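All residue numbers for the sequence shown refer to full-length UniProt numbering, where the first residue is 1 and numbers rise by one.
Ideal placement from N, C-alpha and C gives every residue a C-beta, glycine not left out.
Computed from a predicted structure; not experimentally measured.
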Amino acid sequence: MRLQILLGLGLISLAQVAHAVVIVDNQGNGDALTIQEGVDLAIANSETVVEVTGGVPYTGALNRSIDAQGVDLTIRSRSGPVAAIDCQNLGPAFVFANTEQLGSVRENLIIQNATEGVSVLAGPRRGTFRNLTISGCGSGIVGNYDPQEQPMVIENCTITNCGTGIEISKATVTGTDVSGCLYGMRIYESSNATITGCTFDGNSVGVQTNPGAPHFVDCSFSFNDGDGFLGGSASFDDCVFAGNSGWGANVRNFGTSLLTGCTVVGNTAGGVRSAGHDTSTQMTRCTVMDNGVVGVFADYGGASVEDSILWGNCGDQATQYGGNPSYISVSCSLVPAGGVTGITTFTQALFDLDPMICTPVQCANVPDGTGDYRIQSGSPAFPTGNPCGRELGATQESCGTSGVEPNLATRDAYGITVSPNPIARDAFLSFRVPTETTAQVRVLCVDGRLAQEPWVGRIGAGSTTVPWSVSSDLPGGVYFIRLAVGGVDVAETKAVVVR
1 MRLQILLGLG LISLAQVAHA VVIVDNQGNG DALTIQEGVD LAIANSETVV
51 EVTGGVPYTG ALNRSIDAQG VDLTIRSRSG PVAAIDCQNL GPAFVFANTE
101 QLGSVRENLI IQNATEGVSV LAGPRRGTFR NLTISGCGSG IVGNYDPQEQ
151 PMVIENCTIT NCGTGIEISK ATVTGTDVSG CLYGMRIYES SNATITGCTF
201 DGNSVGVQTN PGAPHFVDCS FSFNDGDGFL GGSASFDDCV FAGNSGWGAN
251 VRNFGTSLLT GCTVVGNTAG GVRSAGHDTS TQMTRCTVMD NGVVGVFADY
301 GGASVEDSIL WGNCGDQATQ YGGNPSYISV SCSLVPAGGV TGITTFTQAL
351 FDLDPMICTP VQCANVPDGT GDYRIQSGSP AFPTGNPCGR ELGATQESCG
401 TSGVEPNLAT RDAYGITVSP NPIARDAFLS FRVPTETTAQ VRVLCVDGRL
451 AQEPWVGRIG AGSTTVPWSV SSDLPGGVYF IRLAVGGVDV AETKAVVVR
């Protein structure tokens, strides 16, 4: 009898483990037909994971404004096709309105046509948003605006064709791509957001901030219809501002911004603008080249440039406009003779020496961000080549160095996009390369397995678009589309196939 009791307890324990996940399937093969019903069932049974079966998009009132009522749940797709939520422009997909924390996870889902993909209301609430593909929404991810609260987490998301991609005050954002939006990101007051390895390319404006202290690391603000960056205080490390139709970085609103190791090239209006009284911009080890009107513009504000390259801009390399306290200061930099102008200007140790860039663009062709801004052997940007004995400009990488990508390789010199995205059947692949070459496009599953090789061939410099017929045997889900040149992957994007 004791053995029977123990076996019975064991069976009960196994049953509890087996039901630790609530399955949502709108075709009737799960525990619930709608996501909200699945969430409610998980809460009632004290379970922590809701998995949504992909295939047919989830629509209707119980598949939008989904609210976990303050309970930390993980809501994600099951293995197989990625589940898609279509809000039909009638509300948000997910609402955080109670006391959710980082254990409240939304991951590996497609969200379409929502007023907000994820809406985190102000107050003691936040969440973790991972591998979401959001498109056609008023805003992709919104909140939390309360400066007293802790940051939410956004990881490896793809946001396209929204009014605003991300609207935040406090957040940690990594590996996220935002394109085709009016604003890639808007950051509000008292922000201490940290944004790493993200791209804000192909929007109307890349990123707009109000006064705060967001920190961008290894990010791209490129090929936007307006400014790459617009707003107040921020800091940028190893970022790229290239090929924008406005300014690369337009700093204003009485802020202080720091740019370190940044590449600012091929922007139509100019490279960096520091505008307004009590606005200052400090630039160290930056490459500011081949911009359309001016390299650095202190427009009633202040700008300090050191250990940098100011070269090849169509107008002045750097100029100051307006009276005191406006100023421009340039020191220990590569600048053509007479390249720094203005009323209140301080210069020291400027070297009229060609920086010997590998393949710069021409400022007359802006907007253009397809150059290779590594430096040739013997360049004065190396410490041994200039009297300061310091590294000048954004990179010390040499042309043709084996295994070393050019500074703009994965963002600007090379690139790949897919449209439409998500894909039902037919799509177009658009990719760009700086010189004529043989290229290969591969489609990889999320686990790295090769799914398709839709194109290989010889192409010329610039952009190329080819059709892609997505075969019916390719299951729905998230895929990585990679462009390779000479057997080396040089650009990547994500695409979602919907079945």
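By Cβ distance, which residues of its chain are closer than 7 Å to residue i, with the 5 residues on each side in sequence left out?
| i | result |
| --- | --- |
| Val71 | Ile43 |
| Gln101 | Asp72 and Arg126 |
| Thr256 | Ser233 and Ser280 |
| Pro383 | Gly389, Arg390 and Glu391 |
| Ser377 | Ser398 |
| Arg186 | Thr164, Glu167 and Gln208 |
| Ser402 | Because the pLDDT at Ser402 is just 35, under 50, the model does not fix this residue reliably, and the point stays unresolved. |
| Ser65 | Gly91, Pro92 and Val95 |
On the DSSP letters alone, give me the boundaries of the beta strand (DSSP E) that residue i sits inside.
| i | result |
| --- | --- |
| Ile168 | Thr164 to Ile168 |
| Glu391 | First-last for Glu391: undefined, no H or E at that position. |
| residue 507 | Given that the chain is displayed from residue 1 to residue 499, the structure contains no residue 507 and the question cannot be resolved. |
| Asp372 | Asp372 to Ile375 |
| Gln348 | Thr345 to Phe351 |
| Gly369 | Run containing Gly369: none; DSSP gives neither H nor E here. |
| Thr53 | Taken as a continuous stretch (DSSP letters only), Thr53 belongs to no beta strand (DSSP E), as it is neither H nor E. |
| Glu436 | No beta strand (DSSP E) holds Glu436; DSSP gives it neither H nor E. |
| Asn63 | First-last for Asn63: undefined, no H or E at that position. |
Counting C-beta neighbours from all protein chains within 10 Å, is the total for residue i 16 or more, i.e. buried, or is it exposed?
| i | result |
| --- | --- |
| Ser169 | buried |
| Thr417 | buried |
| Val466 | exposed |
| Arg76 | buried |
| Thr268 | buried |
| Thr438 | exposed |
| Val488 | exposed |
| Gly248 | buried |
| Leu310 | buried |
| Thr158 | buried |
| Arg106 | buried |
| Ser379 | buried |
| Arg425 | exposed |
| Ala32 | buried |
| Asp368 | buried |
Would you grab the beta carbon distance between residue i and residue j for me? Rounded to a whole angstrom, and I think it's under 8 Å.
| i | j | result |
| --- | --- | --- |
| Val95 | Asp67 | 5 Å |
| Ser326 | Ala349 | Their Cβ separation, rounded to whole angstroms, is 22 Å, which puts Ser326 and Ala349 out of contact at 8 Å. |
| Phe431 | Gly415 | 6 Å |
| Leu474 | Val497 | 6 Å |
| Asn113 | Asn89 | 5 Å |
| Thr260 | Phe236 | 7 Å |
| Leu182 | Asn203 | 7 Å |
| Glu116 | Gly136 | 12 Å between Cβ atoms; not a contact. |
| Gly226 | Val205 | 5 Å |
| Val118 | Phe129 | 6 Å |
| Thr34 | Asn45 | With a Cβ gap of about 17 Å, Thr34 and Asn45 do not count as contacting. |
| Val24 | Gly38 | 4 Å |
What residue from the options has the CA that sits closest to residue i's CA?
| i | options | result |
| --- | --- | --- |
| Ala171 | Glu155, Pro81 and Thr465 | Glu155 |
| Ile343 | Thr279, Gln320 and Met356 | Gln320 |
| Cys445 | Val82, Gly460 and Asn98 | Val82 |
| Asn253 | Gly246, Ala484, Gly266 and Thr281 | Thr281 |
| Gly140 | Ser191, Glu189, Cys87 and Gln150 | Cys87 |
| Tyr479 | Thr133, Ser191, Thr435 and Asn98 | Thr133 |
| Pro336 | Ile459, Pro355 and Ser304 | Pro355 |
| Thr199 | Ala32, Gly165 and Asp372 | Gly165 |
| Glu306 | Met289, Ser331 and Asn324 | Ser331 |
| Thr99 | Leu109, Asn113, Gln150 and Gly138 | Gln150 |
| Pro124 | Ala97, Gln112 and Gly103 | Ala97 |
| Arg482 | Ile459, Ser472, Gln452 and Ser471 | Gln452 |
| Thr284 | Val443, Ile159, Thr370 and Thr395 | Thr395 |
| Gly212 | Asn192, Val293 and Arg374 | Asn192 |
| Arg78 | Lys494, Ser135, Ala303 and Thr53 | Thr53 |
| Ser329 | Ala303, Gly323 and Ser119 | Ala303 |
| Val173 | Gly371, Tyr188, Gly184 and Ile195 | Ile195 |
| Gly448 | His215, Glu51 and Glu492 | Glu492 |
| Gly80 | Glu51, Thr59 and Tyr58 | Glu51 |
| Phe346 | Thr160, Gly60, Ser333 and Asn108 | Ser333 |
| Thr188 | Ala122, Cys314, Ser222 and Ser469 | The question names Thr, yet the displayed sequence has Tyr at residue 188. Among Ala122, Cys314, Ser222 and Ser469, the Cα nearest to that of Tyr188 is on Ala122. |
| Lys494 | Gly477, Val485, Val293 and Ala484 | Gly477 |
Residue i lies in the alpha helix (DSSP H); which residues open and close that run?
| i | result |
| --- | --- |
| Ala97 | That residue, Ala97, is in no alpha helix (DSSP H); it is neither H nor E in DSSP. |
| Ile43 | Ile35 to Ala44 |
Between residue i and the rest of its own chain, which residues show a CB-CB distance below 6 Å, the 5 nearest in sequence each way excluded?
| i | result |
| --- | --- |
| Asp290 | Val265, Gly266, Gly312, Pro360, Val361 and Cys363 |
| Trp455 | Val441 and Val466 |
| Gly460 | Glu436 |
| Glu405 | Because the pLDDT at Glu405 is just 41, under 50, the model does not fix this residue reliably, and the value given afterwards should be weighed accordingly. Result list for Glu405: empty, nothing under 6 Å. |
| Leu230 | Val205, Gln208 and Asn250 |
| Ala484 | Gln440 |
Could you tell me whether any non-hydrogen atom of the ligand PLP is closer than 8 Å to the CB of residue i?
| i | result |
| --- | --- |
| Glu107 | Absence of the ligand PLP is noted for the structure shown, with no ligands found whatsoever. |
Suppose the cutoff is 8 Å on Cβ atoms and the five residues either side in sequence are ignored; what does the same chain contact list for residue i look like?
| i | result |
| --- | --- |
| Asp218 | Thr196, Gly197, Asp237, Asp238 and Cys239 |
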